[in-house]
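Trainee: Sharing a structure, written as structure tokens. Questions coming.
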Amino acid sequence: MVPHAQQKADIKYPFEYLFRSEQFALLDNCCREYLFLCDFFMLDNRAAPKFFMEIFEKTFKLIQKNFESYVSDSFDPIAILLCMHLVYRYQVIANKRSVPILNKFHEILINICENRFEIVMKANIDSVQRVEPHKFSSIELNPHF
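Sequential numbering from 1 applies to the sequence shown in UniProt numbering.
Given below as structure tokens:
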């Protein structure tokens, strides 16, 4: 997604669409940066994560904070589930690219999703259980044409 082109189109996108775009860009940049650090500075698997985190730690914290803010106000279980699935998929891609440093960040995002998803689903279940079907006897059951 190209921001300036989308802004001209004046189209509103759901959060999960924006999240997918942001996470893919982050994944791509992180993978390239991690592999660059390893190759250019000839870092081993112990030193590379330290240098990498010096570069990306603030970015991860900002994204985590913004994501927590959105998810904590969301009552859309499908959007939360989609975000969780995207994170799982991007975690697999990062591991295939030999960049395990993103696992911790991905686990944090998944945890945020799981916690909120559980709260939202419990609220939905409670709502369904509180319904009194006899109050709906006057609802029209014919198809809406």
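We put the CB at the ideal spot given by N, CA and C, even for glycine.
Under three-state DSSP, which class holds Asp128?
Mentor: What you label residue 128 is simply residue 128 of the sequence shown in a count that begins at 1. Here residue 128 is Val; the residue named in the question, Asp, does not match the sequence. Looking at Val128 - three-state DSSP - the assignment turns out to be helix.
Trainee: On the three-state DSSP scale, how would you describe Leu27?
Mentor: Walking along the sequence shown from the start, residue 27 turns up at place 27. Three-state DSSP puts Leu27 in a helix.
Trainee: For a test of the three-state rule: what should DSSP assign to Ser69, helix, strand or coil?
Mentor: Here residue 69 corresponds to residue number 69 of the sequence shown, with the count starting at 1. Three-state DSSP puts Ser69 in a helix.
Trainee: Using the beta-carbon count (16 or more within 10 Å), is Val120 buried or exposed?
Mentor: Working through the sequence shown from its first residue, we reach residue 120 at position 120. Classification for Val120: buried.
Trainee: Helix or strand or just coil, what does DSSP make of Tyr17?
Mentor: Here the question's residue 17 lines up with position 17 in the sequence shown. Here Tyr17 sits in helix by DSSP.
Trainee: Around the C-beta of Ala48, are 16 or more other C-beta atoms found within 10 angstroms, so that it is buried, or is it exposed?
Mentor: Position 48 of the sequence shown, counting from 1, holds the residue named residue 48. Buried: at least 16 other Cβ atoms inside 10 Å.
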